[in-house]
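What follows is a set of notes on a single structure, which appears directly below.
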Amino acid sequence: MLVPSRLTIATGKALFRLIFGLYLVGLGLAIMIHTGLGVPPWDVLTQGIQNQTGWSFALAASCISVVVLLFWIPIRQRPGVGTIVNAFAIGPFADLNKPLVPEMPDFGSQLVWLIIGLLICSVGLGLYISANLGGGPRDGLVVGLTRVSGWPFWVMRTLIEGLVLVTGWLLGGTVGLGTLLFAVGIGYLLQISMKIFGFDPKKPQKTGE
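Count along the sequence shown from 1, then add 3; that gives the number in the working numbering.
Dropping the structure here:
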């Protein structure tokens with residue numbers, strides 16, 4: 004009878020964190036989008052580029068991801084399997100959870116569910132990043148900049164989200180209450196989430212190797 008090695012068990016735990024964390028991110032985003040109170044800042048930027056170029060939303064989002072990955076090079080941020088899975092999993096997970104999102108008949112319920120979605124998204128992001136298998140293009144950029152700058156993670160995340168939000172808005176993207184709450188709150192909430200799951204963005208990461 005074969006006995007799983009410690010390495011196999013550790014890898015299995017890391018993969019579980021990665022997949023389940025991304026599932027929670029998809030669930031949180033599905034809830035936030037369904038409230039109708041605004042999309043996250045990176046989606047505002049995608050909308051803005053879409054408006055300026057006439058590209059599809061998917062093409063604009065893919066181009067943004069490629070450009071962001073280029074910024075990984077000077078800060079020596081290393082991709083991993085999580086980088087690839089992130090690119091293909093969050094969208095389908097969000098679509099999968101759409102039927103599970105309840106109706107929100109008034110602004111009060113929309114606001115409550117918006118906050119719930121933001122919290123779920125923060126937990127999911129912290130969980131998948133703590134798997135140490137490589138972050139998605141945007142999350143990896145923030146982790147890398149935090150590591151090389153020494154700044155608090157929440158400060159770096161908030162600055163980048165704010166810059167992306169303003170740029171997207173100037174390009175014609177749609178901004179709502181949910182967009183602003185995400186931009187202001189995601190950095191601090193994610194820092195707490197990563198701390199709970201034992202991840203320090205200031206330390207060099209092995210990306211599962």
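We put the beta carbon where it would ideally sit given N, CA and C, even for glycine.
Keep in mind it's a predicted model, so treat the numbers as computed, not measured.
Looking only at C-alpha atoms, which of the options sits nearest to residue i?
i	options	result
V145	P204, S68, W58, L18	P204
V167	L25, W45, S133	W45
T86	L99, P105, L72, A97	L72
G29	I119, E106, G15	I119
L27	G175, C124, P108	C124
L180	G111, T11, A61	G111
To the nearest whole angstrom, what separates the beta carbons of residue i and residue j, a pair I think is in contact under 8 angstroms?
i	j	result
G31	L121	7 angstroms
G171	V47	3 angstroms
L117	L184	7 angstroms
M107	T38	6 angstroms
So, for residue i: in the same chain, excluding its five sequence neighbours on each side, which residues have a beta-carbon less than 6 angstroms away from its beta-carbon?
i	result
C66	none
L5	Residue placement at L5 is poorly supported in this model, since its pLDDT is 46, which falls under 50; the coordinates still yield a value, given next. Cβ within range, chain order: n/a, list empty.
F23	none
P82	G137
W157	G190, Y191, Q194
W154	none
Within its chain, find whatever has a CB closer than 8 angstroms to the CB of residue i; leave out the 5 residues flanking it on each side and keep chain order.
i	result
W58	I52, C66
A90	S68, G139, P140
T56	A63
K206	R150
T177	G41, V42, V47, Q50
Which same chain residues end up closer than 7 angstroms to residue i when comparing Cβ atoms and leaving out the 5 residues on each side of it in sequence?
i	result
R160	V145, I189, G190, L193
G147	W75, I78, Q80
I2	In the structure as shown, the chain begins at 4 and stops at 212. Residue 2 is therefore absent and cannot be evaluated.
L25	V88, N89, A92, I93, F96, G127, Y131
A33	A97, N100, K101, V104
F200	G129, L130, S133
L21	G85, V88, Y131, A134, L136
Taking 6 angstroms as the line, does the beta carbon of residue i fall inside it for any heavy atom of the ligand HEM?
i	result
K16	As for the ligand HEM, it is missing from this structure, which has no ligand bound.
Q: With a floor of 4 residues, list each alpha helix (DSSP H) that falls wholly inside the stretch 48-121, ordered by position along the chain.
A: 60-78, 84-100
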